[in-house]
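> Residue 383 in the working numbering is what sits at position 383 of the sequence shown, and the numbering runs on without skipping anything.
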Amino acid sequence: MRIGIIGGGAAGMMSAALLYEKDHENRIGEIVLFECNTVLGRKLALTGGGRCNVTTGNFDIAEVLKNYPRGANFLKKSIYDFSPKHVFDWFRSHGVKLKVEEDRRVFPVTDNSSDIIDVFLNIYKNPKTKIKKSPVIDMWKEMDRFAVRLHDEIHLFDKVIMATGGGYNTNSGIINYGYAFAQKFGHKITKLAPGLTSLETNDCDIHTLKGITLSNIKLRFLKKDEHVFNGSCVFTHKGLSGPGIFAISSLSAFENYDESDPALLLLDLLPEENFENLKHNLEQTRLNSPAKKISNLISNFIPKSLAEIMLKKLKINDKKSSEVSAKDLNRIIDSIKNFQVVITGRISGSEFVTAGGVDLNEVDAATMESKLVKGLHFAGEILNIDGFTGGYNLQCAWSTAHAAAIGITK
Ligand SMILES: Cc1cc2nc3c(=O)[nH]c(=O)nc-3n(C[C@H](O)[C@H](O)[C@H](O)COP(=O)(O)OP(=O)(O)OC[C@H]3O[C@@H](n4cnc5c(N)ncnc54)[C@H](O)[C@@H]3O)c2cc1C
Numbered sequence: 001m002r003i004g005i006i007g008g009g010a011a012g013m014m015s016a017a018l019l020y021e022k023d024h025e026n027r028i029g030e031i032v033l034f035e036c037n038t039v040l041g042r043k044l045a046l047t048g049g050g051r052c053n054v055t056t057g058n059f060d061i062a063e064v065l066k067n068y069p070r071g072a073n074f075l076k077k078s079i080y081d082f083s084p085k086h087v088f089d090w091f092r093s094h095g096v097k098l099k100v101e102e103d104r105r106v107f108p109v110t111d112n113s114s115d116i117i118d119v120f121l122n123i124y125k126n127p128k129t130k131i132k133k134s135p136v137i138d139m140w141k142e143m144d145r146f147a148v149r150l151h152d153e154i155h156l157f158d159k160v161i162m163a164t165g166g167g168y169n170t171n172s173g174i175i176n177y178g179y180a181f182a183q184k185f186g187h188k189i190t191k192l193a194p195g196l197t198s199l200e201t202n203d204c205d206i207h208t209l210k211g212i213t214l215s216n217i218k219l220r221f222l223k224k225d226e227h228v229f230n231g232s233c234v235f236t237h238k239g240l241s242g243p244g245i246f247a248i249s250s251l252s253a254f255e256n257y258d259e260s261d262p263a264l265l266l267l268d269l270l271p272e273e274n275f276e277n278l279k280h281n282l283e284q285t286r287l288n289s290p291a292k293k294i295s296n297l298i299s300n301f302i303p304k305s306l307a308e309i310m311l312k313k314l315k316i317n318d319k320k321s322s323e324v325s326a327k328d329l330n331r332i333i334d335s336i337k338n339f340q341v342v343i344t345g346r347i348s349g350s351e352f353v354t355a356g357g358v359d360l361n362e363v364d365a366a367t368m369e370s371k372l373v374k375g376l377h378f379a380g381e382i383l384n385i386d387g388f389t390g391g392y393n394l395q396c397a398w399s400t401a402h403a404a405a406i407g408i409t410k
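Here it is as structure tokens:
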């Protein structure tokens, strides 16, 4: 049997490795991995800021699945079969020492993504695996085999794994024909949008908060629908970023908004406190220090510069706290619970994925085989699956690659 894998990113590389390792009955004669870049795993090398957040240290699969805004149900079987724990053990068994950081992200102890890539390159030293650094420019079915065309060659395969990644990677110069090939075989590509982006605001007051981090806040994104996430965020010179914002951007990936028709982000800065508790606490603090300026009083609860911007937006002078009216105190509390940021756009973050892809209804979740074309498998971001930050997207690439490899070798 001859297997072609299109795309030498995370999913394609894992597929090639596992096809070789799991072929216990020696049914595979040759595995050819096609990559249009001059190196394999170019994006993989950049992941996690060059450190490669290879998976999550969250080993509770039900919890893991909550980190996929799209595709969680489909992913269930493959993630049980090749879970974060399996991935952890697999890389360790191939000589990579891994560490789990406080936020449960898993990295090589060396903080170097090349450790991960080297695992694959070592496996490919086997005589069955061939690497072709050339873009696949066309694909079709020829009798019961797949024809894969490069600029100057045509290869025939019994089975093919399509692992060409997502569609929002044009900046990296990647040629992604994957969706077109899938469509040619009759597959539907769902609507595509960037996921895991930072959010932009044109509010200059918000820009002055650059560098301030808010942990454990509740984010509510309002546009056509409401999207809610609890997490952390950081103010940037253009708007907001950080894990909570990336998650909100993924949840709202298909919302349309811009400067002329913005979205609204409401930050509950103290989600543990209800309005009445907060009012009680603020009033107590005010009784204890009536001469204290109101901004100083609020900064017992939230960062000082944010308190100042809040007062500016509420048009409340920064006077002695005892001089602030009950009505204004209520407005301040309301703003702490619902601090408003007008969102005028998305900013491509340092980590982003494509939301949308090959329609999961047309793919077998156990083997990643097309339900329309026998022998055609998919793996990774080309599928309509995307996860939050924290290693969940690479985990999806590993798990779907595993399912495809097992589906082919079983
Ligand atoms: C900057 C950045 C950092 C990230 N960091 C993390 C992280 O730390 N942890 C995490 O979990 N996720 C991270 N992600 C997301 C993660 O990298 C992707 O979800 C994952 O790489 C998807 O793997 P893939 O193999 O499906 O696609 P890709 O990694 O995109 O690989 C697809 C490959 O197919 C090749 N290809 C495409 N078309 C063709 C063709 N016609 N012929 C030949 N080859 C072709 C491409 O060149 C590419 O190498 C990050 C993403 C970015 C952009």
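The C-beta atom is built at its ideal place from N, Cα and C for all residues, glycine as well.
All values reported here derive from a predicted model rather than from experimental measurement.
1. Return the CA-CA distance between Thr170 and Lys293, expressed in angstroms with no decimal places.
2. Taking only the alpha-carbon atoms, compute the straight-line gap between Gly173 and Glu200 and give it to the nearest angstrom.
3. Where does Leu267 land, buried or exposed, given buried means 16+ other C-beta within 10 angstroms?
4. Which class does His187 belong to by DSSP, given the choice of helix, strand or coil?
5. According to DSSP, which residues form a beta bridge with Asn230?
6. Lys130 lies in the alpha helix (DSSP H); which residues open and close that run?
7. Looking at the structure shown, is Ala16 part of a helix, part of a strand, or coil, going by DSSP?
8. Counting Cβ pairs, one atom from each stretch, are 3 or more of them under 8 Å apart for the stretch 225 to 235 and the stretch 251 to 260?
9. Assuming Val106 contacts Val64 under a Cβ cut-off of 8 Å, what Cβ separation, rounded to an integer in Å, is found between them?
10. What residue does the beta strand (DSSP E) around Ser198 start on, and which one ends it?
11. Who are the near neighbours of Tyr124 in its chain, counting only those whose CB is closer than 7 Å to its CB and skipping five residues on each side?
12. Decide if Phe146 is buried, meaning its Cβ has at least 16 other Cβ atoms within 10 Å, or exposed.
13. Go through its chain and collect everything with a Cβ distance to Thr409's Cβ below 6 Å, but skip five positions before and after it.
14. Grab me the residues of Val135's own chain with a C-beta within less than 8 Å of its C-beta, minus the 5 sequence neighbours each way, in chain order.
15. Can you tell me whether Arg42 sits near ligand 1, meaning its C-beta is under 8 Å from at least one heavy atom of the ligand?
16. Suppose you measure from the CA of Lys218 to the CA of Arg70; what does that come to, to the nearest Å?
17. For a test of your reading of the model: does the CB of Thr110 fall under 8 Å from any non-hydrogen atom of ligand 1? Yes or no.
18. Of the residues Gly29, Pro303, Lys279, which one's Cα is nearest the Cα of Pro127?
19. Pick from Gly231, Leu282, Asp111, Asp115: whose alpha carbon is nearest that of Asn330?
20. Using three-state DSSP, classify Lys210 as helix, strand or coil.
21. In chain order, what residues of the same chain have a beta carbon less than 6 Å from the beta carbon of Val148, not counting five sequence neighbours either side?
22. Taking the alpha-carbon positions, what's the Thr265 to His94 distance?
23. In three-state DSSP terms, what is Gly173?
24. Is the separation between the beta-carbon of Gly345 and that of Tyr257 shorter than 9 Å?
25. At what residues does the beta strand (DSSP E) containing His155 begin and finish?
26. Measure the C-alpha to C-alpha separation of Trp205 and Ser215 and round it to an integer number of angstroms.
27. Please determine, among Lys43, Lys159, Asp334, the residue with the shortest C-alpha to C-alpha distance to Asn274.
28. Rounded to whole angstroms, what is the Cα-Cα separation between Lys133 and Gly41?
29. Please classify Ile3: does DSSP put it in a helix, a strand, or coil?
30. Report all residues from its chain with a CB closer than 6 Å to the CB of Ala397; omit the five preceding and five following residues, and keep chain order.
31. Put Ser241 into one of helix, strand or coil per three-state DSSP.
32. Does ligand 1 have a heavy atom nearer than 8 Å to the CB of Glu142?
33. Check for me: the alpha helix (DSSP H) holding Pro69 runs from which residue to which?
34. Kindly indicate which residue of Thr367, Gly356, Glu369 has the alpha-carbon position closest to the one of Asn384.
In brief:
1. Only weak support exists for where Thr170 lies, its pLDDT of 45 falling under 50; the value from the coordinates is given anyway. Looking at the two C-alpha atoms, the distance is approximately 51 Å.
2. Confidence at Gly173 is low in this model, with a pLDDT of 42, below 50, so the placement of that residue should be treated as unreliable; the coordinate-derived value is given next. Cα to Cα, Gly173 sits roughly 25 Å from Glu200.
3. So Leu267 counts as buried.
4. coil
5. Lys218
6. Where Lys130 is concerned, there is no enclosing alpha helix (DSSP H), although the beta strand (DSSP E) it sits in stretches over 129 to 132.
7. helix
8. Using a C-beta cut-off of 8 Å, the stretch 225 to 235 makes contact with the stretch 251 to 260, since at least three inter-stretch Cβ pairs fall below that distance.
9. In fact, because the Cβ distance is near 12 Å, the residues do not count as touching under 8 Å.
10. 198 to 200
11. Ala16, Ile131
12. buried
13. Lys22, Asp23
14. Position check: residue 135 holds Pro in this sequence, whereas Val was assumed. Phe34, Cys36, Leu150, His151, Ile175, Tyr177.
15. yes
16. Cα-Cα distance, rounded: 21 Å.
17. no
18. If we check each option's Cα against that of Pro127, Gly29 comes out closest.
19. Each of Gly231, Leu282, Asp111, Asp115 was checked against the Cα of Asn330, and the nearest Cα belongs to Leu282.
20. coil
21. Gly4, Val136, Met139, His155
22. Inspection of the sequence shows that residue 265 is occupied by Leu rather than by Thr. Distance from the CA of Leu265 to the CA of His94, rounded to the nearest whole angstrom, comes to 45 Å.
23. Confidence in Gly173 is poor, its pLDDT being 42 and thus under 50, which makes the residue's placement too unreliable to answer from.
24. yes
25. 154 to 157
26. First, the amino acid is wrong: residue 205 is Asp here, not Trp. Computed Cα separation, rounded: 20 Å.
27. Asp334
28. 12 Å
29. strand
30. Ala10, Ala11, Gly380
31. Here DSSP, grouped into helix, strand and coil, assigns Ser241 to strand.
32. Outside the cutoff, so no.
33. Neither: Pro69 is in no alpha helix (DSSP H) and is coded neither H nor E.
34. Gly356
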